[in-house]
Structures are given as C-alpha cells and as structure tokens.
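So the structure is just underneath, and the comments pick up after that.
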Amino acid sequence: MTVDERVPVLEVRGVTKTFPGVIANEDVDLVLHHGEIHCLLGENGAGKSTLVNTVFGLYQPDAGSIHVRGEQVRFGGVSDAIDAGIGMVHQHFQLIPVFTVAENVILGNEVTSGPFLDLNAARERITELGTRYGLKVDPDAKVGDLSVGEQQRVELVKALFREADILILDEPTAVLTPGEVDDFFSVVRSLVDQGKSIVFITHKLREVLTVADRITVLRGGRVAGTADPSSATQQSLANLMVGRDVVFQVEKGESAPAEVRIAIDGMSVEDDRGVLTVNELSLKVRAGEIFGVAGVEGNGQRELVEAVAGMRPKVGGHVELLGRNATKLSPREITELGVAHIPEDRGKHGVVGAYSIADNVVLNRYHHRPFSRRFIRDRQAIASEAETLVERFDVRTPGVDVPIQNLSGGNQQKVIVARELSGQPGAILVAQPTRGLDIGSIEFIHNQIIALRDEGAAVLLVSAELDEILSLSDRIGVLYRGRLVGVFDTAETSREQLGYLMATGAASDAEASVV
Amino acid sequence: MGESDSLQGKIVKAWSVQPVLVPLYAILLSFIVGGVLIAIIGVNPFEAYWALVRGMVGSPDRVAASIARSVPFVGSALALALAFRAGLFNIGAEGQLLVGGILAAWVGTFSFLADAPGLVAIPTVLIAGAFGGLVWGGVPGVLRARTGAHEVISTIMLNSVALFIVRWIVNSRDPVILRDTAASVPRTEQIADGAVLPQLVDSEPNLHFGLFVMIAVAVVLAFVIARTTFGFEVITVGTNPNAARYAGINVNRIIVSSMALSGAFAGVAAASEVSGTNQFFQPGTFAFIGFDGIAIALLARANPVAILPAALLWGSLLAGAPLMQQEADVSIDVVRIIQAMVLLFVAADAIVRYLFRVRDQGGRHIDATNAGWV
Ligand SMILES: Nc1ncnc2c1ncn2[C@@H]1O[C@H](COP(=O)(O)OP(=O)(O)O)[C@@H](O)[C@H]1O
Ligand SMILES: [Mg+2]
Numbered sequence: 004m005t006v007d008e009r010v011p012v013l014e015v016r017g018v019t020k021t022f023p024g025v026i027a028n029e030d031v032d033l034v035l036h037h038g039e040i041h042c043l044l045g046e047n048g049a050g051k052s053t054l055v056n057t058v059f060g061l062y063q064p065d066a067g068s069i070h071v072r073g074e075q076v077r078f079g080g081v082s083d084a085i086d087a088g089i090g091m092v093h094q095h096f097q098l099i100p101v102f103t104v105a106e107n108v109i110l111g112n113e114v115t116s117g118p119f120l121d122l123n124a125a126r127e128r129i130t131e132l133g134t135r136y137g138l139k140v141d142p143d144a145k146v147g148d149l150s151v152g153e154q155q156r157v158e159l160v161k162a163l164f165r166e167a168d169i170l171i172l173d174e175p176t177a178v179l180t181p182g183e184v185d186d187f188f189s190v191v192r193s194l195v196d197q198g199k200s201i202v203f204i205t206h207k208l209r210e211v212l213t214v215a216d217r218i219t220v221l222r223g224g225r226v227a228g229t230a231d232p233s234s235a236t237q238q239s240l241a242n243l244m245v246g247r248d249v250v251f252q253v254e255k256g257e258s259a260p261a262e263v264r265i266a267i268d269g270m271s272v273e274d275d276r277g278v279l280t281v282n283e284l285s286l287k288v289r290a291g292e293i294f295g296v297a298g299v300e301g302n303g304q305r306e307l308v309e310a311v312a313g314m315r316p317k318v319g320g321h322v323e324l325l326g327r328n329a330t331k332l333s334p335r336e337i338t339e340l341g342v343a344h345i346p347e348d349r350g351k352h353g354v355v356g357a358y359s360i361a362d363n364v365v366l367n368r369y370h371h372r373p374f375s376r377r378f379i380r381d382r383q384a385i386a387s388e389a390e391t392l393v394e395r396f397d398v399r400t401p402g403v404d405v406p407i408q409n410l411s412g413g414n415q416q417k418v419i420v421a422r423e424l425s426g427q428p429g430a431i432l433v434a435q436p437t438r439g440l441d442i443g444s445i446e447f448i449h450n451q452i453i454a455l456r457d458e459g460a461a462v463l464l465v466s467a468e469l470d471e472i473l474s475l476s477d478r479i480g481v482l483y484r485g486r487l488v489g490v491f492d493t494a495e496t497s498r499e500q501l502g503y504l505m506a507t508g509a510a511s512d513a514e515a516s517v518v
Numbered sequence: 006m007g008e009s010d011s012l013q014g015k016i017v018k019a020w021s022v023q024p025v026l027v028p029l030y031a032i033l034l035s036f037i038v039g040g041v042l043i044a045i046i047g048v049n050p051f052e053a054y055w056a057l058v059r060g061m062v063g064s065p066d067r068v069a070a071s072i073a074r075s076v077p078f079v080g081s082a083l084a085l086a087l088a089f090r091a092g093l094f095n096i097g098a099e100g101q102l103l104v105g106g107i108l109a110a111w112v113g114t115f116s117f118l119a120d121a122p123g124l125v126a127i128p129t130v131l132i133a134g135a136f137g138g139l140v141w142g143g144v145p146g147v148l149r150a151r152t153g154a155h156e157v158i159s160t161i162m163l164n165s166v167a168l169f170i171v172r173w174i175v176n177s178r179d180p181v182i183l184r185d186t187a188a189s190v191p192r193t194e195q196i197a198d199g200a201v202l203p204q205l206v207d208s209e210p211n212l213h214f215g216l217f218v219m220i221a222v223a224v225v226l227a228f229v230i231a232r233t234t235f236g237f238e239v240i241t242v243g244t245n246p247n248a249a250r251y252a253g254i255n256v257n258r259i260i261v262s263s264m265a266l267s268g269a270f271a272g273v274a275a276a277s278e279v280s281g282t283n284q285f286f287q288p289g290t291f292a293f294i295g296f297d298g299i300a301i302a303l304l305a306r307a308n309p310v311a312i313l314p315a316a317l318l319w320g321s322l323l324a325g326a327p328l329m330q331q332e333a334d335v336s337i338d339v340v341r342i343i344q345a346m347v348l349l350f351v352a353a354d355a356i357v358r359y360l361f362r363v364r365d366q367g368g369r370h371i372d373a374t375n376a377g378w379v
C-alpha cells in the first residue's frame, strides 16, 4: 500500500449520530494523519465511543461522511471497517476466556490448512507481531488466566493480525495500573514509529499531554476544540472538556473526629485462591474523619474492604462497626447497621446493568418501606425516590427507567454514590470511588464524600490514586502485603514518603506512628 | 464483567430483540421446513397441514382435546421458567412430574379423603403433587448452593432416579407397593372420587378444571416475578449474582427456593393430570412432558404468561397430528420434527433473526452464541 503522507488516513466530516432521545454526536470533524497519535478527549458521555463505533462500522451515521485515505467509505458493518484496515480495541474486551490467545486472535479470521485450523501459523505470526511491537503474549496461554494488561495486548495483537493500520483504542488505560500504563505507552509509540496511525480515547489529562500528537476535545457530542500538546496545559484542556473553570484542589475544612465507628482488630483475610492477603491488620476510623488506605493495587485492598463489608469471610480477628460486633455479620446485616459501601468493581457488584436506574437506586433496600409493602414492590415509590436522587446527585440521564448500562461510567458511579450516601450512613467503606471517571464526576464525588464526613460519618477510603488519598484523607495508612506499614496524619506526610513506603513496605528515614 | 458474561445473561440479552416476532418467525420457519419434508415424501403439504389444523381445531371436541393436551405443559414449562430467571437450567421437570404425580396419586387414595368434600380433597391432592415436585426440585437446588454441583447434571440424574423409583413402586407385585393388582397394566389405584377435578368437556383426552389451576399458577408466577420482592431477588441473582450478594440478597436461599418452587410447578401439573385425567398414576403418561416444557419455556422466553399460548400450540399440534396421519398419511412424527425445529430455531434464534432481518432499535445484531469481533 503506497502512502501519501499528506492525505489524512482517516477523516470524519460533520458526523451526526443520534439515539432515541440523545444526540451522541453532532457535526463532528476529526482528522487523523499518518503516523500520528490523535487523542480524543472528553468527559464520560461526551460521545467518544459513539464516534469511534461509527467509524468502525458498528453504527451508521445519520449525517456526515467518513473518509479513509482520501476515499469516502460507507461501512455496512464491522467487517467492512476491518477490510479497510481499521482495528479497534473496545473499552470492554471482546475475548473468550476459555480460548487460548492464539484461538482468540484467529477467531473470525481462521487461518486454515485444508479443513483444519492452522494454529501453528497463527502462533508464529503472534510471536512475530509480539517482538515487532513489544507486545509480548504467550500464544498458548488461556485468556481467562491473563491479567487485564495482558488481555489488552491480546486485543491489540488481534487487530494487528488483521493487518489494521488505523488503530482505535477506546479508553485503553482506564483498566490499567500505573505501571502497565507506562508499558502501554511504549507499545503505542512503537506502533506509530512503524507506520500505524492511532486514535486514542481517554479522559485523563496527564496521559494526553504525554502521548498525543494532536488533540480533539469533545463536549456534549460536539467538538469543543482542538489543541496542540506543546501549547496546551492540563488546566486549558480541562476547561475545554468541562466547559468551565475546573478546580483541581478539593476544598475541605478541619476534621473533628469523635467516637470510633470502624474498629478492625487483627483481621486476616484470604483471597479467592486461599492466599492470606490481609494479615492481622488493625485500624480505627472515627466519626467525622476520612481514613485513607494507600498502596499499590493487589496488596489486599479488595479483600480488606470486602471482608469488612461482610462479603468475604475473615480467617481471624474482629471487626466492630458502629459499636457492634460485626465480625460474623452478613452484607445485609451490615447495611442495616448503617454502614454503606461503594464497591471497587462497579459492573460486578455496584449495579445490575440490565436494571433501570430506579431499580439500582433501591438495590439494597428494595425490601424496605416505602419501596415494598407486604412483599409487593411499589414501583411508584421507587421511581420517585430515584427521581429525587438523580436530581440531587446530578445524574445525567433521559429518565429513571433507562437501563443503567446505557449510562456512562461516571453517571453509573453517581447512582451508586447516591444510593449509598443518601441513607445517612454512620460509616462508609469507599473503594476506588473515581476509577475511570471524568473530572466533573470526580470533583462531585469527592465533595459528596467530604460532606458526609462533615456530617459525622466515619469514612474508610481505599484508592490506588495517591492524589485522591492525599486530597481527601485526614489520616493515611499504607497497605503493603496485607499489613499497614505506617499511619500518618495527612498534614505530616508527603507524597514522596508515602510513595517510598508503598513501594518498599519499609519506612525510610521518616518515623511511622502506628495506631 | 457483570451479567453479560453468563450464558443466561447473553440469552436474555438476545431475547430482548423483538421478543414476540422472533418466536413467531421461528414457528413459521419450522412449518416451512416441515412442509418441505412432507413434500419430499410425496404428499401435498397444504393438504397435510389442512388435516393437521382440522385435527387441532376442527370441532368443539377437538378444540377441547387440544386444550386438554396442553395443560400439563404449562406446569413443566413454568418449572423451567422460574429457575431460568434465577440463572439456573432446570432440566428436571421430567423427574419432578413423576415424583409429584405419584405422591398425588398415593395421597389421593388415603382413606380420610374418601368422604371428604372436593374443596378439601382436591387441594390436598394438588398440594401433595406440588410437595413432591418441590422436594425433587429442591434437592438439586441445595446441591448447587452447598456444593456447587451443576443443576443441569444433577437434575438429569434425578430424572433417571425418579423414573426407576416410580416404575418400581408402580410395577412391583412382590411386595405390592402402590400397584393396583386388579388392573391389567401397571398403575396405582383409583384416587378418591372427591379428589377428582371437575370435568369440563368429555373430549379425548378430557378437559378438566386443571386448566384453570395451571392458568392461575402462571398468572401468579408472572405477578411474583414482576411485582414482588422475591421476584426482584430471583432476577437479581439470575442477572448478576455478585451484585445480588453485595445488595444483601442471600443468593443460596434464592437458588434453593427457586429450584424448589420450579419443581412444585411441575408437581402441581402432574397432580392435576392424575386427578383430572386418569384418576390414577401411570409413569408412561408423563413421558416427555418435562422435556417438551423446556422447548415451550424457551419459545415463550421464560415469560409465564407467554407460556400459555406456547403450551397451547404444543399440545394442539400433538392432539391434531393423528388426523393428519389418518387423512394425509403423514406420520405423527412429522409434528415431532416440527416441534424439534421450533426448539432448534428458538435456541439458535440468530438464524431466525438473520433470515427475517430482525434487528434491534440501534440497528445492530445481538447474538447470544456469537459475540465475536464486535
Ligand atoms: N446504544 C445506545 N443507545 C442509546 N444511547 C446511547 C447508546 N450509546 C451511547 N448512548 C448515549 O450517547 C451519549 C454518548 O455516549 P458515549 O459515546 O458512550 O460517550 P463516551 O464514550 O464519551 O463516554 C451518552 O449520553 C450515552 O448515554
Ligand atoms: Mg466510552
């Protein structure tokens, strides 16, 4: 294929796409040049996925046109887009866990020799693609056994296997840990160095400024502006994205800690494979304070929160919640005590995707008055509660009977926050509250958590984002291999000190005061 | 990561596309395939189908017979439907019918029922049947909840266990257990007269009050699923068991209770047959009613109310087939083939959506079986 480098490899002109009741894209232009990383930036719900899904042939545009290498195209479906050399890695992976990497890669594009699958040829290509682009994957590993980062590499290999030279990556970093993000960026760079062109979707400003050659910002379905990373700043991009001035620093007053509401004493917890992941951990959270648990992911955060919430058995120790022994209580009993829980995994625990917003709002109190009387659900009462909360928590949705899976992640999370915080909890477990969310939603959720603290709730916050921990917490504990290796007052610690402790588990020169 | 990963989740998602149209197309398609088959064996398919239709609804008696044939299918289909909503495949209606049926027949012969009024005797027999099914459905539920044993495997096993146990109970002459030794075929004794469901039409088979019993059960189940907290719990467990646990729902309790209730539906259907049709229990009369229930429930997309017309179609076809054989010389088995086709097209309804170009509002195909490169 000869490449005229002046003709854009992909050009979107005036594309409009509506869904019933929503204009997802309106008159959107996008120009992708050869060998360029073009960042598509925008808050959740801005229409980024819709735009690239249209480019990928999943939707037909209502108006406008798409041009590939100067020629206008009309894709009847995904296979047309693939034939045109476009590959896409979706926000949610499309892999089959029980198949091996090689089987997944060739799926839909089977290399055969006679009537048989030629897996050997596929394996060789996968290995070759892997070395060429730094995408190391074992062709014979079962996809279900791979980490999220590895699965993403499989998706990329799958696209490259189909000879894609325009790659569309929909929020590829949302699911990655900070370390994996760095690896991922070097893969992306090696891809463009070897002639691929990339549309990279994200809402993380730091990332945009690191990798982009060109930036297009979407807001409310329209192009809010384009920017050049050399002249743009995080602040200018954030303002474009949100449409107003954004405050990066959370405003928060002094805490006024009162009685102990969450008391964990020597608790030990195992993970799903039976490995001791939380090891005789003790901590106390008082009413009116936010206790932040910092740590590299996988050091027992998930097990810690799930065990306190009653969703995972403890193999040792005691938990007291709001003055009651809660060691052996079930999730329902703990909720009824007045302990709320914003779970780490939104899709797995936090919502039932196929349910309406209304049903998700009452997911853990559907059996209480006024939502149910004598075992009969009162849909009117449920809907009106949902309407109140949607209004109060600024959930952007056409209505409360919309399946929650149609909302953006930020809006789904707001529904969860609304459900958990509106019940006036005395204590709350908050796990990764803003993962994958946009600035506007993050700001909103942070303020809600602080407001709850100011009303006197005890907050146990677990987050992989050190910035989040630092800006919200009154006290910070560092979790390392299932133990708290240090507890500090936020004012008396620093990013560097915590970072060192998170990485090594040992205090450097600073004194750690253990509670 | 949540619900869409499970098989049920995918099936339900595919079902959400044109839930009425696709099953109707599946039926149409099956008749077309059946017609081609009939033509191949040298019979005019229109004549054969005309005979079939007259066999189904050609006279008031035939209509009654068609309805009568359909009644037990309602129960066996509901047995699949409720469990399905909880994310479970209850393949055990066959066994649940047998256990419910024999219990109903046994209780029906209790001496205290001999003089009891129908208002006492009939519910007693129906409850006995429901209880038998409840136990036989509850056991795989408990196994699933306690040990993780997959309900498909355990219900299939329990079907065989039930069949051999009831055969022994009914066949054995030494010792005599429940066999009516005076009868020429292996069957239980007649139940008390007061325990016999009121008869509506003296067709072949006869139409009895069990019709209303099964309609009531279906309507109640529809209400339970749509409006009660229990229904909400069942569907939450079925769509996203992790979220259900997080929400404080006792997932194991829901698994056990929905399997047990499912079994009870099959048990009631069996009791209604024992009490309304034969007045005794004979294992052979229940053969395939449980398995056909699976097809009917899937055709009706596990919707309790939709099960009523689906069961009616099923029973009518079986009732009408003999006339087709008599008049057009087309084997009854052709109807069985059509029914198998319906199940096939309903299970693989991507075929139907493709052939009839059925799409969802967003204009994209959704496939349960094929979620490849999209
Ligand atoms: N299939 C769909 N049906 C209806 N509305 C949709 C659909 N997909 C997206 N939307 C709506 O379109 C808007 C843009 O969504 P999306 O493109 O997913 O945003 P982003 O990827 O930027 O977060 C949102 O309001 C969303 O609710
Ligand atoms: Mg998106």
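Residue numbers (our numbering), protein chains in the order written: chain A, 4 to 518; chain B, 6 to 379. C-beta: ideal position from N, C-alpha, C; glycine also. None of the values given here were measured: they were computed from a predicted structure.
What whole-angstrom Cβ distance do residue i and residue j have, given they're in contact under 8 Å?
i	j	result
Ala312 (chain A)	His344 (chain A)	5 Å
Glu158 (chain A)	Val81 (chain A)	Not quite, the Cβ-Cβ distance comes to about 14 Å (not below 8 Å), so this is no contact.
Thr160 (chain B)	His213 (chain B)	Actually they are not in contact, since the Cβ atoms of Thr160 (chain B) and His213 (chain B) sit about 28 Å apart, beyond 8 Å.
Gly47 (chain B)	Gly123 (chain B)	Not quite, the Cβ-Cβ distance comes to about 52 Å (not below 8 Å), so this is no contact.
Val31 (chain A)	Arg225 (chain A)	7 Å
Leu455 (chain A)	Val462 (chain A)	7 Å
Under the criterion of a Cβ to heavy atom distance below 6 Å, does residue i qualify as lining ligand 1?
i	result
Phe235 (chain B)	no
Asn409 (chain A)	yes
Phe203 (chain A)	no
Phe22 (chain A)	yes
Val296 (chain A)	no
Val62 (chain B)	no
Quick check: is any heavy atom of ligand 2 less than 6 Å from the C-beta of residue i?
i	result
Lys351 (chain A)	no
Lys51 (chain A)	yes
Gln94 (chain A)	yes
Drop a sphere of 10 angstroms on the beta-carbon of residue i, count the other beta-carbons inside from all chains shown, and report buried for 16 or more, exposed for fewer.
i	result
Pro191 (chain B)	buried
Ala86 (chain B)	buried
Gln63 (chain A)	exposed
Ala292 (chain B)	exposed
Trp20 (chain B)	buried
Thr152 (chain B)	exposed
Measure from the alpha carbon of residue i to the alpha carbon of each residue in the options, then state which is nearest.
i	options	result
Glu14 (chain A)	A:Ala460, A:Ser234, A:His41	A:His41
Glu106 (chain A)	A:Asn28, A:His370, A:Val146	A:Val146
Ile259 (chain B)	B:Asp297, B:Phe237, B:Arg184, B:Glu332	B:Phe237
Ala227 (chain B)	B:Ile170, B:Pro309, B:Thr234, B:Leu202	B:Pro309
Val202 (chain A)	A:Gly277, A:Phe59, A:Val420	A:Phe59
Counting only C-beta atoms, is residue i closer than 7 Å to chain B at any point?
i	result
Ile379 (chain A)	yes
Asn28 (chain A)	no
Gln415 (chain A)	no
Pro436 (chain A)	no
Lys20 (chain A)	no
Lys317 (chain A)	no
Asn107 (chain A)	no
Quick check: is any heavy atom of ligand 4 less than 6 Å from the C-beta of residue i?
i	result
Gly246 (chain A)	Questions concerning ligand 4 fall outside what the structure shown contains, since the ligands it does hold are ligand 1 and ligand 2.
Would residue i pass as an interface residue toward chain A - the criterion being a Cβ-Cβ separation below 7 Å?
i	result
Phe237 (chain B)	yes
Asn245 (chain B)	yes
Thr234 (chain B)	yes
Gly253 (chain B)	yes
Ala305 (chain B)	no
Ala248 (chain B)	yes
Thr241 (chain B)	yes
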